[in-house]
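Here the protein sequences line up with chains A and B, keeping their order.
Under this note's numbering, think of the first position of the first sequence as 4, with each following residue one higher.
Under this note's numbering, think of the first position of the second sequence as 10, with each following residue one higher.
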Amino acid sequence: MKDLKTNAEITWCEGCGNFSIFTAIRNAIPLLEQKGFKREDIIMTAGIGCHAKIFDYLNLSGVYGLHGRNSSNAEGIKIANPDLKVVTFSGDGNGLGEGLAHTIFAAKRNQDITMVLHNNGVYALTTGQFSPLTEQGWKGPSTPRGSIENPFNAISLMIEVGATFVARCYSGDINNLTSTLVRAIEHEGFSFIEVIQPAVPYHKWEEYKDEIDNLDNEPYSKEEALKIAREKHRFTIGIFYEETREVYHKSLYGTLNPVKESLSREKRLEKINEILKL
Amino acid sequence: MMINDVFTFLVGGKAGEGVKKAGSVAANIFSSLGLHVFQMDDYMSLIRGGHNFSVVSTSSRWITSQYMKANLVINFDKRSCDMHIDDIADGGIVIYNSDEVENINGIGIPLSSEAKKYPLKKLMFGVGAVAILASAIGFRKDQMNQIIKEQYPSGIEDNIKFADTFYDMVKEKCHGKFLLSDGQKRRPIITGNEAISLGAIAGGLNTYFGYPMTPASSILHFLARQAENFGLAVVHAESELAVINMAIGSAFTGARSMVGTSGGGFALMTEGISLAGMTETPILCVLSMRPGPATGVPTYTEQADLSFALSVGHGDFLRIVASPGTIEEGYYLTAEMLDLVWKFQTPGILLVDKHLSESSMTIDLDIGKATWTEPKMHQGGDYKRYLDTEDGISPLLFPPSKEVIKWNSYEHDELGITTENAVMVSQMHEKRNKKVQALKNYLKNKKTVNIIRGEHSTNIFAYGSTYMSVLEAIKYGRLNPTIIQPIYLSPLPIWELEEFKDQDNIVVEQSISGQFSTLLSEKAGIKIKTTIKRYDGRPFDPIELSKKIKEVLD
């Protein structure tokens, strides 16, 4: 089996939180293989932004899509071949700005995909503008007097709209991130992991370290999960919510695999004849 | 009495009075007699009220248009009477609802007051229209009742009673007025969108993604109904942005994917179509045009998105654009386009319009003519998604595979890894560009233009549904020009058009700026004498169009 790292030159800044996510996913895949998953069945998609560079570095198959559209690519992959496990990497601007509708609808449908949201709280690649998760008052090139919008709460938002596995992780805790990734990918349904990670030109690790705290227990109900997600600090780490709900592709067509069980030409023509029969 | 061996039935009323259904039943009656049929439904963008009409023309020969001079006109309300005052053929009969209008020419019947006696009320109007038609074409009551039973199965007894009332009421003035000769063969009737859907299925379709937008929605509806039967995944997504990007993801797994929309939705898809160009994703998009710009006139027809389709998406990449000239060709061409986009790994656009999408006609399909072949596949060894080959076409490989398969929206190297290297950037541009010539070479051995040779020295160019209008106008006017319908619009098959360049050429199209004329003159150097245009949202009428063509020919 080939290495999980490609030969591509890594262009993340030294000390970037993205390295931890890259390490954690490379740790998670062998663990998933031990559990019976096949590496070739794990497919990735990515949007555009610093998060998405992982597509070039991680030696997995997939689609490097457009800004914000990566979860739609992931949904299309899953719908066409439900045997594949799809992980979609997204930034906070990518997934909750340009791609907000797609993220919410993938959760609403309980698509069996995992979204890893690299939350660095800023549009890093485009030089530091405020993102949908940036605290009010951020002085970036598009908001020289400070940003005037309140941020989303990604965790309560995703629980509300129908994600069936919702967690927050911290790029400073690779072990926890690894085990959460394993659980998220194993989970049948829409899994959402917000990963708090510094983009070092804009935020220092020190800003996070003291702020990080852990959930005491996994909440026992959706209402409880929402309450805790709303009340807890935005750097509270843990699995906020998990439930079992039928996944989209099974509701759509049961046990079919549209691409693997494609009807032969002869069968198709026979059935078309039937439709046109007088 | 009948125009050119054509009998035309027109029924008009409010939305919700069963106008379209009555038109379909009429079409079925004609086809059951072995006749050819063309049905056009004119409706407004609303659920109740307004004015709808259905016009059905039939003949013992192939007929490719509705006629707006009807032999039998049935008006359910006053608005219909006003609207269709000029739509009556010489010797035609007008039947109107005397509960709504008084003192006009024609035969008044108390539709509303009779219908009030039944629980279905206004929904009965269509049954009444069918009864009048049955009488006018000389059907016996038992023949009519059989049709009513088959076509209006809910409340059969009431329906038959209602039909009988009007059959008897108009008998004296109408019965047997329009005896139709029996035709040779009973044929199925389908809409253009049904032909496109079936063609896609015959071409190996696995997944369809759509967002409702007239006049493309009925593809989504038809395929959703047929999904289980054919093992398809059919998805109504949250937006056209999601639609195109889901389809691209789906194609990555090897699934033959199609999307469908109209101008506004197509505008949202442009970003994704460009992604398909860069990632070399095989994807077929049906663009069914309606009058624009913006929301325009949603339920009517136009051909003004041609230049948009030809240049859709940012950047240089190969776009295949083709347009069927008839409903039957809609079936064959959809299958062929699906095959082509997989052969050349690029986006394709099947360009149609409301008139072709939503009109119905009798068809003689050779369904087996739709074929597909396996695309170029990886033959083992190390895999490079964007391997630079002689014709620019890289072998495909689908997951799951031990080999890594990377499709990339950034400029990339052969492995699909992002690059900004100047040499690689130009090499990849050149690799993709090689497919342009490869496609042209391939199409040179294919039928890319329909040409009907005539005696007259003038040629008429038309594409899409306008081709059907031109064919009918020529037949009606007994004119004899050469008719040229390019099936492929990008690449435009200029190798087939060379001989016409300096001849007398007329273009017929539905665009105020003459987009098709511009394409012909710019790309193929065709000298154009006159462009006959219509841009009021309505399809050409063969009688009017033949007059206009005749003026130019003389």
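For every residue, glycine included, the Cβ atom is placed at its ideal position computed from N, Cα and C.
Quick one: does His190(A) have its CB under 8 Å from some CB of chain B?
no
Apart from the five residues on each side of it in sequence, which residues of its chain come closer than 8 Å, Cβ to Cβ, to Gly25(B)?
Ile56, Arg57, Gly58, Lys131 and Leu132
Collapsed DSSP secondary structure at Gln155(B) in the structure displayed
helix
Is the stretch 259-269 of chain B touching the stretch 316-335 of chain B, taking contact as three or more C-beta pairs under 8 Å?
no
Looking at chain A, is there any beta carbon in it that lies within less than 8 Å of the beta carbon of Gly263(B)?
Interface annotation, Gly263(B): in contact with chain A, CB-CB separation under 8 Å.
Buried or exposed by the 16-neighbour rule on C-beta atoms within 10 Å, applied to Ile1(B)
In the structure as shown, chain B begins at 10 and stops at 563. Residue 1(B) is therefore absent and cannot be evaluated.
Does the beta carbon of Lys225(A) sit closer than 8 Å to a beta carbon anywhere in chain B?
no
To be precise: take each residue of the stretch 97-116 of chain A, compare its Cβ to all Cβ atoms of chain B, and keep it if any distance is under 7 Å. Which residues remain?
Ala104, His105 and Phe108
Below 7 Å between beta carbons is the criterion; list the residues of the stretch 413-441 of chain B that meet it against any residue of chain A, in chain order.
Val413, Ile414, Lys415, Trp416, Asn417, Ser418, Tyr419, Ile426 and Thr427
My parser needs the alpha helix (DSSP H) runs of 4 or more residues fully inside the stretch 500-549 of chain B; what are they?
503-506 and 524-533, all fully within the stretch 500-549 of chain B.
For chain B, is any of its Cβ atoms less than 8 Å away from the one on Glu249(A)?
no
Would you list, in chain order, the members of the stretch 5-16 of chain A that have their beta-carbon closer than 9 Å to a beta-carbon of chain B?
Lys5, Thr9, Asn10 and Ala11
Burial state of Gln312(B), where buried means 16 or more other Cβ atoms lie within 10 Å
buried
Evaluate contact between the stretch 394-403 of chain B and the stretch 18-34 of chain A, counting only Cβ atoms and requiring at least three cross-stretch pairs below 8 Å.
Taking 8 Å as the limit for Cβ pairs, the verdict is that the stretch 18-34 of chain A does not touch the stretch 394-403 of chain B.
If distances are taken between C-alpha atoms only, which option among Tyr309(B), Ile210(B), Ala31(B) and Leu506(B) comes closest to Gly377(B)?
With distances taken between Cα atoms, Gly377(B) lies closest to Ile210(B).
In chain A, what lies closer than 7 Å to Arg195(B) by C-beta?
Leu281
Determine the contact status of Glu423(B) and Lys393(B), defining contact as a CB-CB distance below 8 Å.
yes
Hey, how far is the Cα of Met287(B) from the Cα of Ala251(B)?
Approximately 18 Å, taken between the alpha carbons.
With a threshold of 6 Å on Cβ separation, who are the neighbours of Met433(B) within its own chain once the five nearest residues in sequence on each side are excluded?
Asp422
Going by C-alpha distance, which of Phe25(A), Arg268(A) and Leu259(A) is nearest Glu237(B)?
Comparing Cα positions, the closest option is Leu259(A).
Checking contacts by CB at 8 Å: is Gly94(A) closer than that to chain B?
no
Do the stretch 357-365 of chain B and the stretch 290-298 of chain B make contact, defined as three or more Cβ pairs closer than 8 Å?
yes
Three-way DSSP call (helix, strand, coil) for Ile107(A) in this model
helix
Chain A residues whose Cβ lies nearer than 8 Å to that of Met255(B):
Ser75, Asn76, Glu78, Gly79 and Ile82
How many angstroms separate the CA atom of Ile107(A) from the CA atom of Val164(A)?
Cα to Cα, the separation comes out at about 6 Å.
Under three-state DSSP, which class holds Gly20(A)?
coil
Contact between the stretch 179-190 of chain B and the stretch 328-342 of chain B: three or more CB pairs below 8 Å?
As far as the Cβ criterion goes, the stretch 179-190 of chain B does not touch the stretch 328-342 of chain B, which means the pair count is below three.
Rounded to the nearest angstrom, what separates Phe171(B) and Asn84(A) at their Cα positions?
53 Å
Other residues of its chain near Ile231(A): CB distance less than 6 Å, five sequence neighbours each side excluded
So the qualifying residues of the chain are Pro222.
Could you have a look at Tyr309(B) and say whether DSSP puts it in helix, strand or coil?
In the structure shown, Tyr309(B) sits in coil (DSSP, three-state: anything other than H, G, I, E or B).
Proximity to Gln139(A) [Cα-Cα], best of Val169(A), Asp6(A) and Pro154(A)
Pro154(A)
Cys53(A) and Leu128(A) look like a contact to me (Cβ under 8 Å); what is the Cβ gap, rounded to whole Å?
5 Å
Using a beta-carbon distance below 8 Å, is Ala7(B) in contact with chain A?
Residue 7(B) lies beyond the stretch modelled for chain B, which goes from 10 to 563, so this question has no answer here.
Which same chain residues end up closer than 8 Å to Met4(A) when comparing Cβ atoms and leaving out the 5 residues on each side of it in sequence?
The predicted model places Met4(A) with a pLDDT of 40, which falls under 50 and marks its position as unreliable, so this point remains unresolved.
Could you check whether Leu528(B) and Leu498(B) sit closer than 8 Å to each other, using their CB atoms as the reference points?
yes
Identify every run of the alpha helix (DSSP H) within the stretch 17-73 of chain A, keeping only runs that are complete inside it and at least 4 residues long; order them along the chain.
21-37 and 57-60
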